[in-house]
Structure formats: C-alpha cells, structure tokens
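Okay, structure first, notes after.
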C-alpha cells in the first residue's frame, strides 16, 4: 500500500466509517442489515480526501491508456472530479462523466453527462461497493454509449458479491483500492465469490 | 392516472431502499402526465429520500422501518382511493411522512 493509500485509508476510517450504536443497525440500499456504514461522501468532499482520492485514482489508472473516467451519480461525482483534476496536475488530460440513474424526461434526455464519446476507453469508479449494482449500471450505460470499459474500480468493497456480479455481466476487470477487511470487519472468504 | 406498475412496486413485501430510484422514476412520469396534488406529493417524498441517499447508501434501520410501517401503507391507501378524492388519505400520508423524518 502506498503512503497516499495509507493516508486515505486513515481518513476514510476517521470520517466515513461508522459503527451502529449497540442494538441499532443500518439498512443498506440492498435491504441488507449491517452494524456498520461507510459514508464515502464525508471523505470525498473534504479537501484532503478529495486530493488523496484524485491521486489514488490517478495511480490506479494512469497506465491503462484511458480516455475517460466516470460512474453513477451521485456517489461517483466527487471521485470523478478529483480524478480529472489529478490527471491535470500530472500534465495529462482525460474526460470525466457521470451516468444519471434516470433519463431526463425533458430537455436533452441525456443519461450520460460529460464529454464521453463512442469508442473511448473508460474506467468506472464508485466510492463504496456492496453488491456493485451502481457501478454495473454505469458500466452498462457506458457500453451502450459505445465505450470500452477497461476497469471497474471501487474505493472500498464491502465484499458482498460485487466481483461475482460483474463477472456474471461480462466484466472481468474489477479491482478495489481497499476491502472492508482493512476497516477491521471480518468477512468469510467465500462471501465474495457469490452474488447474493 | 398513476402508472400501473407503481402499486405492485410499493406493495412488494421485498421493497428495498434501492427501489426508491424506480419509485421516483415512476412518480416523475406520473407527475409529468398528471398535474395532481397526489402525484406531486409522491414524487416529492421519493425525491427527498433520494437526496438523503437512502437509495444508495442506506439509513438507520429504525428509520427504514418507520418508512415501511408509517409511509408506504399510506401511499398505497392513496392509490386505492383514486380516482375518488384522496384528500383524507393524502393528509394521513403527509402526517405519517412528517413523523418519520
């Protein structure tokens, strides 16, 4: 783990990772119950967090020859912004984009916002993966737009079947910066292999 | 008239926070086609839950349970009343939602 990743992990633990109080639980978007919760925005929209995320995403993607980086709104928006700024800082330029959950029923009716063009090589990012549904939605939209998804990248994977979901949908190139184990959560090895 | 798929979605016992996105989408379509108080109230509630991130990151289980017991059934009651005047059911829905936030 690089120094930048180490510091980002510390910041995520400090600002985003929350344990439920005794007797309380969180209900996740998937409907699952959990005694912990990760609010990625708390890290992604603070100065140091945005800077670190941008650097980490740059380091993970700089050798992939990509044209654009994007994800599903709203979670991916600050990550995408941080990444494109970081690319600029390193003397390079890529496009950022995000995918709307709903196609606008008025105006341009665009589902993809940003400078995405058919044929581009893209990376899909999101802050926290549980089952990976948000990233899958964004990846499918990018593919339908005519782009090549070269990598799906999670900042934090809760290890609840995202890898299996992507594999089932023809996406083999999936990586994560951190897993939930690095937050002290014990997850059996076989959980990750099964899409629930 | 509300979308025919809305009631099955809201009465599905397996309704999960992620379904809020689809519910909001259907209510947006409903409001677009019908400028009624009920379509506006439904859309406002689901849009508000989206803005809170319920459809992406989740919430305290006690808040979710409150939504399931005090808000969703009152939404269904409004739908069941239509096309008759749903004013009383809408008022109960607004009160239920107010107490859940």
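Protein chains in written order, with the numbering used here: chain D, 178 to 373; chain V, 16 to 116.
No residue lacks a Cβ here, since even glycine has one placed at the ideal position from N, Cα and C.
Which residues bound the beta strand (DSSP E) around residue i?
i: residue 248 of chain D; result: 245–249
i: residue 356 of chain D; result: 351–356
i: residue 328 of chain D; result: 325–334
i: residue 194 of chain D; result: 194–196
Is it buried or exposed, residue i, if we count other Cβ atoms within 10 angstroms and call 16 or more buried?
i: residue 337 of chain D; result: buried
i: residue 84 of chain V; result: exposed
i: residue 74 of chain V; result: buried
i: residue 24 of chain V; result: exposed
i: residue 116 of chain V; result: exposed
i: residue 98 of chain V; result: exposed
i: residue 27 of chain V; result: exposed
Let's see if you can read the secondary structure: which residues bound the alpha helix (DSSP H) around residue i?
i: residue 221 of chain D; result: 218–221
i: residue 91 of chain V; result: 87–96
i: residue 69 of chain V; result: Element bounds for residue 69 of chain V: n/a, residue is neither H nor E.
i: residue 254 of chain D; result: 254–266
Is any beta-carbon of chain V found at less than 9 Å from that of residue i?
i: residue 256 of chain D; result: no
i: residue 197 of chain D; result: yes
i: residue 347 of chain D; result: no
i: residue 334 of chain D; result: no
i: residue 356 of chain D; result: no
i: residue 310 of chain D; result: yes
i: residue 215 of chain D; result: yes
i: residue 224 of chain D; result: no
i: residue 210 of chain D; result: yes
i: residue 218 of chain D; result: yes
i: residue 204 of chain D; result: yes
i: residue 191 of chain D; result: no
i: residue 252 of chain D; result: yes
i: residue 289 of chain D; result: no
i: residue 364 of chain D; result: no
i: residue 305 of chain D; result: yes
i: residue 207 of chain D; result: yes
i: residue 321 of chain D; result: no
i: residue 278 of chain D; result: yes
i: residue 201 of chain D; result: yes
Do residue j and residue i have their beta-carbon atoms positioned less than 9 Å apart in this structure?
i: residue 197 of chain D; j: residue 253 of chain D; result: no
i: residue 48 of chain V; j: residue 310 of chain D; result: no
i: residue 278 of chain D; j: residue 114 of chain V; result: no
i: residue 67 of chain V; j: residue 90 of chain V; result: no
i: residue 296 of chain D; j: residue 272 of chain D; result: no
i: residue 54 of chain V; j: residue 61 of chain V; result: no
i: residue 241 of chain D; j: residue 328 of chain D; result: yes
i: residue 234 of chain D; j: residue 246 of chain D; result: yes
Between residue i and chain D, is there a C-beta pair that is closer than 9 Å?
i: residue 69 of chain V; result: yes
- prompt: Going along the chain, which residues of the stretch 74–85 of chain V sit with their C-beta nearer than 9 Å to a C-beta in chain D?
  reply: 74, 75, 76, 77, 78, 79 and 80
field: Where the stretch 23–43 of chain V meets chain D: residues whose CB sits under 8 Å from a CB there
entry: 29, 31, 32, 33, 36, 39, 40 and 43
Residues in the stretch 90–106 of chain V having any Cβ partner in chain D nearer than 9 Å: none
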